[in-house]
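Everything on this sheet refers to the single structure shown next.
Number of protein chains: 2
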Amino acid sequence: MHQIARTPKDIGNALRKARKARKLTQGELATQAGIWQRTVSTIETSASGAKLDTIFDLLAALDLEIHIVPRSKAKPGDLEDIF
Amino acid sequence: MHQIARTPKDIGNALRKARKARKLTQGELATQAGIWQRTVSTIETSASGAKLDTIFDLLAALDLEIHIVPRSKAKPGDLEDIF
DNA sequence: TTCGTTTATGCTCCCCGGATCATAATCTCT
DNA sequence: AGAGATTATGATCCGGGGAGCATAAACGAA
């Protein structure tokens, strides 16, 4: 069930999923990420057109990183050279 | 040489790399992504705190997607369940 | 070196995300 | 159902990104 994102909304969903898996509240995560609960909520739901900075703050707090992969090869266990 | 990103700057580098691999100019990519050459340049260099929307526009134009992965397991060929 | 292409930047305007504080709405557990 | 925790939102202010257009600077090939 690994997370793939092609839209801001996907990011929001993934972040929420990761947060819940870690049993954190939005408030706790926000604090750790150095942002506001309000912002976490907004990003998880509408995920609007958030700023990259904020997203990376959240990813860092969740100990996640991003892999940039060609769409076609989007199969787990299939990761290889991209460019 | 697959692309990992933990900061906006990483994204900028990855996008530039992908664009060049496809032999596109910033202008061409910008057009395909529906944004401005100016913006492509800014994102590739400073990568500032761009907006998610813009990044996804570029990723789509380059036929790329994002995988969200735990930092520790950040080894190619190692992709598996994340949450 | 010189011409043509590609990329970096200056500037203004507008929009919207995030900070900040507060409260409403929801969910959850008993 | 009721209390307590969690999440969604209202309102305002501010900063910065991207649109839009133009030009300078840098790069590349002949």
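Same order as they appear, the protein sequences are chains A and B. Numbers 1 to 83, taken from our numbering, label the letters of the first sequence in order. Numbers 101 to 183, taken from our numbering, label the letters of the second sequence in order. Heads up, the beta-carbon is just placed ideally off N, CA and C, and yes, glycines get one too.
Would you say residue 154(B) lies against chain A (beta-carbon separation less than 9 Å)?
Here the question's residue 154(B) lines up with position 54 in the second sequence. Closer than 9 Å: yes.
Is the CB of residue 114(B) under 9 Å away from at least one CB in chain A?
Walking along the second sequence from the start, residue 114(B) turns up at place 14. Yes, contact with chain A.
Helix, strand or coil at residue 162(B) [DSSP, three-state]:
Here residue 162(B) refers to the residue found at position 62 when the second sequence is read from its first residue. DSSP places residue 162(B) in coil when its eight states are reduced to three.
Is there a Cβ from chain A that is less than 9 Å from the Cβ of residue 149(B)?
Stepping through the second sequence from its first residue, residue 149(B) is reached at position 49. Taking Cβ atoms only, chain A reaches closer than 9 Å to residue 149(B), which makes this a yes.
Three-state secondary structure (DSSP) of residue 5(A):
Residue numbering aside, residue 5(A) sits at position 5 when the first sequence is read from its first letter. Correct three-state label for residue 5(A): strand.
Please compile the residues from chain B whose C-beta is within a distance smaller than 7 Å of the C-beta of residue 64(A).
For the purposes of this step, residue 64(A) is identified with residue 64 of the first sequence, where counting begins at 1. Those are 168, 169, 170 and 171, listed as they occur along chain B.
Would you report the Cα separation of residue 41(A) and residue 140(B), rounded to the nearest angstrom?
Stepping through the first sequence from its first residue, residue 41(A) is reached at position 41. Stepping through the second sequence from its first residue, residue 140(B) is reached at position 40. Their Cα atoms are separated by approximately 29 Å.
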